[in-house]
Amino acid sequence: MDRKTDSAFLRQFSGVIAGFVVLTIALIFLARYIQPEPLEDANPSHRILAEQRVTPVGAVRYGEAGAAAVAEAQAAAAEAVPAEDLVVDGAAVYGGICKTCHDAGVAGAPLTGSEQMADRLAEKGLETLVYNAINGINAMPARGGNPTLTDEQIQAAIEYMLP
Ligand code: HEC
Numbered sequence: 426m427d428r429k430t431d432s433a434f435l436r437q438f439s440g441v442i443a444g445f446v447v448l449t450i451a452l453i454f455l456a457r458y459i460q461p462e463p464l465e466d467a468n469p470s471h472r473i474l475a476e477q478r479v480t481p482v483g484a485v486r487y488g489e490a491g492a493a494a495v496a497e498a499q500a501a502a503a504e505a506v507p508a509e510d511l512v513v514d515g516a517a518v519y520g521g522i523c524k525t526c527h528d529a530g531v532a533g534a535p536l537t538g539s540e541q542m543a544d545r546l547a548e549k550g551l552e553t554l555v556y557n558a559i560n561g562i563n564a565m566p567a568r569g570g571n572p573t574l575t576d577e578q579i580q581a582a583i584e585y586m587l588p
C-alpha cells in the first residue's frame, strides 16, 4: 500500500462515518417527531406488580434474617398494590397453578369439588384452609408455589375449589 491508496481509503472511510453520524442525528429527530413524550404506563400497578414478582428472586437470602427481610419486602410490595387493581378471580387463579395438583390429587392433594374438600372445610373451617394454603402444609407448597398470589386470590381459589 502506498500513500495514495492510504489517503483514498481514509477519505472514503471518513465519508462513511460522517454519513452514519448524520443518519443517527436524523433518526433521533425523526423519533422525537413521531413520539415527543414518553408514553405514560397505562396501568400504574404494572411497575408495582413487576417489583413484587422479582422481590423473592432479586433479593439476597441468607439464613433466617434473610428470609425475614424477603418476607418483609414482599409484604411491603403487596401492601403497595391497590387491591382494586388486582384480579381476584378464583377460577383464573385455580386454573393458573392449583389445578396441576388438585385436579388429579397429586401427592394426596384433596380433589377440587370433592367430598375431600368438604370434609376439610367442615373439620378446619375456611380460615384455617386459607392459612394453610398461604403458608403451606405437608406436600402443599406455600401459595401453591406462586408467591405473587395475594391472600385474597388464594381465598378466592379455595372458594372455587369447594363443592
Ligand atoms: C404441588 C402440588 C400442589 C399445588 C400446586 C397446590 N396444592 Fe393445595 N395441596 C396439595 C397437597 C398435597 C395437599 C394436601 C396437604 C396435606 O394436608 O397433607 C394440599 C392441600 C390444600 C388445601 C387443604 C389445606 C388443609 O388445611 O387441609 C387447600 C385449601 C389447598 N391445597 C389449596 C390450594 C390452592 C388454592 C392452590 C393454588 C394457589 C394449591 N392448593 C396448589 C398440593 C398442591
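All you need for the numbering used here is the position in the sequence shown, starting with 1, plus 425. Note that the Cβ used here is the ideal one computed from N, Cα and C, for glycine as well.
Going by C-alpha positions, Q578 is about 47 Å away from F454. Distance from the CA atom of R568 to the CA atom of G561, rounded to whole angstroms, is 7 Å. In terms of Cβ geometry, A500 and G533 do not form a close pair [threshold 8 Å]. For T525, the CB falls within less than 7 Å of some heavy atom of the ligand HEC. For Y556, the enclosing alpha helix (DSSP H) starts and ends at L551 to N560. When Cβ pairs closer than 8 Å are counted between the two stretches, the stretch 509-528 is seen not to touch the stretch 543-557, the count staying below three.
Not one heavy atom of the ligand HEC lies closer than 7 Å to the C-beta of A503.
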